[in-house]
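Residue numbers (the working numbering), protein chains in the order written: chain L, 849 to 1119; chain V, 849 to 1119. C-beta: ideal position from N, C-alpha, C; glycine also. Note that this is a predicted model, so its numbers are computed, not measured.
Protein chains: 2
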Amino acid sequence: MRHGRHAAIGVFDSGVGGLTVLKALMERLPLESTVYLGDTARVPYGTKSGEVVTRYSLANAQALLEYDIKALVVACNTASAVALPALEAQLPIPVIGVIVPGAQAAAKATRNGKVAVIGTPGTIASGAYQAALAAAAPSMEVHARACPLFVPLAEEGWTEGAVPQLVAEKYLGGDFLGGVDTLVLGCTHYPLLAQIIQGVVGPKVTLVDSAKATAERLVEVLRERELTRLERGAVERHYLVTDTPARFLEVGARFLGRPLSGARQIDLHVK
Amino acid sequence: MRHGRHAAIGVFDSGVGGLTVLKALMERLPLESTVYLGDTARVPYGTKSGEVVTRYSLANAQALLEYDIKALVVACNTASAVALPALEAQLPIPVIGVIVPGAQAAAKATRNGKVAVIGTPGTIASGAYQAALAAAAPSMEVHARACPLFVPLAEEGWTEGAVPQLVAEKYLGGDFLGGVDTLVLGCTHYPLLAQIIQGVVGPKVTLVDSAKATAERLVEVLRERELTRLERGAVERHYLVTDTPARFLEVGARFLGRPLSGARQIDLHVK
């Protein structure tokens, strides 16, 4: 493995959700090749324990390392929340999660110092956003809530109408928001429900999606390590999945905002 | 392994849902010991391919065989739909799925020969219920629909109120029912939503849940093979899970209708 400027950016997620992050990376760094792995045979991670998510994350990273990658983006909030220390300890390349960039973007966006974060049960229970927000701005008031039904709604394509409206009201209504002016969408599926969520929380609340902030962080890391690709050349896009590709290609196009060229099924040897 | 009358009944499911089947088995066969395996590290199966579900099912069965079981109940509709032939080919003990008993119960229940079945995308796409219903009564008219949001609703505990009501109306309203008088709940999670579903389809439609029919089928199989336990003795209940047990114990109590004594975490070496 060379890990040089010509190597690709590796990206993994539990499934299709991380394609919203990949999309931001491709827009911000159009010269860079990418290898995306969706662990569709074990999706979702958000309802599983930190121990199991860490094990799966290490297996994903090992599979991506076989593709000569120079940096790894963990495009899954749950994996970023629980597996980043293990990944950083075991990998010879820089590892970028989505949580610290998302928390920093929220700290920049808030004017009244009150921020809410929503995510999967795994992400919220880990306390990783709460810690990252506290690190970004120690005096911040943080509200956090798990919204497990948002993922299946987004995957089912029910992103408008009465059902997502009622679900969003149930999760985000009442006193939960408590005067926050910023809401972090702490799961890569949630941007698909942004319109419904914005309607429920009202126009005064800024929604923060960590995809763009993560792309900016990657730009910085590549620059610091002198790993940015400098000249134009053939840009490769690889998509790997652990289940059969059909559903990934179908649902993934909605997340990436364009059709996917194809995906290769691989086996991960995990316990 | 003895596989004798004293051996236990092995039961597996992708997670907690199969506890509704275990409950029916424990009620019908109170003298029999049971070993239940919930593959909580890979749950759910319903949105995954037949290839992956078969691989996971074989690993579950191998783990249960280490417990001296005399019969295997596949308490997961999706696994019953796609993995039964592979399990029957590889195991030295009888294997009982939930689909054929459920289809036979529906064939007995219908008066007008029109039956609907609902289940996960994997179960419905497999055509297994449609085939089993046709085998039970060749002239039957069968309607089938995948209802993927019912599983996360049941796991979230949202089994009454406006959200499950609207979701049920969206899946079961319109022309889908088409005059059927029997509706098969082709997923072990759906009995938790039975009240909402009954309200939407109306009192004239009989709901069929395959748990009891599967328990009756197991009684027959044990009798035919002379494997029924005859005398009273210590009855053992083992619960195995592949993720950490906390969530399984919490959600599982709702499915089993009583607290679980504890669960042991095991590793399955699957790809």
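Just mark K956 (chain V) as buried or exposed, buried being the case when its beta carbon has 16 or more other beta carbons within 10 Å.
exposed
Under DSSP, the alpha helix (DSSP H) around V901 (chain L) begins and ends at which residues?
898 to 913
Within the continuous alpha helix (DSSP H) that includes F998 (chain L), where are the two ends?
998 to 1004
In chain order, what residues of the same chain lie with their CB nearer than 8 Å to the CB of T1054 (chain V), ignoring the 5 residues before and after it?
A957, T958, D1029, T1030, L1031
Am I right that A923 (chain L) and V859 (chain L) are in contact with their C-beta atoms under 8 Å? What's the rounded C-beta distance?
5 Å
Short CB-CB distance (under 8 Å) between L913 (chain L) and chain V
no
Comparing C-alpha positions only, which one of L:V948, L:V1089, L:A872 sits nearest to R1106 (chain L)?
L:A872
Would you please verify whether the beta carbon of M849 (chain V) is less than 8 Å from any beta carbon of chain L?
Residue placement at M849 (chain V) cannot be trusted, given a pLDDT of 47 that sits under 50; what the coordinates show is reported in the next sentence. So, not an interface residue.
Pairs of beta-carbons, one from the region 966 to 978 of chain V and one from the region 894 to 901 of chain V, closer than 8 Å: are there three or more?
yes
How long is the line joining the alpha carbons of M988 (chain V) and A1111 (chain L), rounded to whole angstroms?
40 Å
Could you tell me if N1160 (chain L) is buried or exposed, where buried requires 16 or more neighbouring beta carbons within 10 angstroms of its beta carbon?
With chain L covering 849 to 1119 only, the question about residue 1160 (chain L) has no answer from this structure.
Leaving out five residues on either side along the sequence, give the residues of the same chain with a beta carbon under 6 Å from the beta carbon of M849 (chain V).
Its pLDDT being 47, under 50, M849 (chain V) is placed unreliably in this model, and the coordinates cannot settle the point.
Near-chain V residues of the region 877 to 908 of chain L (beta-carbon distance less than 9 Å), N- to C-terminal order
T888, A889, R890, V891, P892, T895, K896, S897, G898, E899, V900, R903, Y904
Helix, strand or coil at M849 (chain L) according to DSSP, with G and I counted as helix
Confidence at M849 (chain L) is low in this model, with a pLDDT of 47, below 50, so the placement of that residue should be treated as unreliable; the coordinate-derived value is given next. M849 (chain L): coil per DSSP, three-state reduction.
Would you report the Cα separation of V869 (chain L) and A1002 (chain L), rounded to the nearest angstrom?
16 Å
Cβ of E1098 (chain V) less than 8 Å from any chain L Cβ?
no
Where G863 (chain L) falls: helix, strand or coil (DSSP):
coil
Can you tell me where the alpha helix (DSSP H) holding R890 (chain L) begins and where it ends?
No alpha helix (DSSP H) contains R890 (chain L), which DSSP labels as neither H nor E.
Could you give the distance in angstroms between the alpha-carbon of A953 (chain V) and the alpha-carbon of R1102 (chain V)?
25 Å
Count the C-beta pairs between the region 903 to 910 of chain L and the region 929 to 947 of chain L that are closer than 8 Å, then say yes if the count reaches three, no if not.
yes
Would D861 (chain L) pass as an interface residue toward chain B - the criterion being a Cβ-Cβ separation below 8 Å?
You won't find chain B in this structure, because its protein chains are L and V.
Could you please give me the residues that DSSP links to E1068 (chain L) through a beta bridge?
For E1068 (chain L), which the question treats as bridged, DSSP gives no partner whatsoever.
Give me the Cα-Cα distance between A1010 (chain V) and G967 (chain L), rounded to the nearest whole angstrom.
23 Å
Using a Cβ-Cβ cut-off of less than 9 Å, list which residues of the region 992 to 1008 of chain V approach chain L; keep chain order.
P996, L997, V999, P1000, L1001, E1003, E1004, W1006
In chain order, what residues of the same chain lie with their CB nearer than 8 Å to the CB of H991 (chain L), ignoring the 5 residues before and after it?
K962, V963, A964, V965, F1024, L1025, G1026, V1028
Minimum C-alpha distance to Q978 (chain L) - residue among L:P1000, L:E1004, L:G950
L:G950
Go through the region 1004 to 1074 of chain V residue by residue and report every complete run of the alpha helix (DSSP H) that reaches 4 residues or more, in order.
1010 to 1020, 1042 to 1049, 1058 to 1072
By Cβ distance below 6 Å, which residues in the same chain neighbour G1005 (chain V) in space, the five residues on each side in sequence not counted?
none
Whose CA, out of L:E875, L:H854, L:Y884, lies closest to the CA of L920 (chain L)?
L:Y884
Against chain L, with Cβ distances strictly below 8 Å, would L1014 (chain V) count as a contact?
yes
Between L:D1115, L:L1088, L:G1081, L:D1091, which lies nearest to A855 (chain L) when the distance is taken from Cα to Cα?
L:G1081
Of all the CB atoms in chain L, is at least one closer than 8 Å to the CB of V864 (chain V)?
no
Taking the Cβ atom as the reference point for each residue, do V1015 (chain L) and G894 (chain L) lie within a distance shorter than 8 Å?
no
How would you call S1058 (chain L), buried or exposed, if buried means at least 16 neighbouring beta carbons within 10 angstroms?
buried
Just to check my reading of the structure: A911 (chain V) and L1116 (chain V) have Cβ atoms closer than 8 Å, yes? What is that Cβ distance to the nearest angstrom?
6 Å
For G945 (chain L), which of helix, strand or coil comes out of DSSP?
strand
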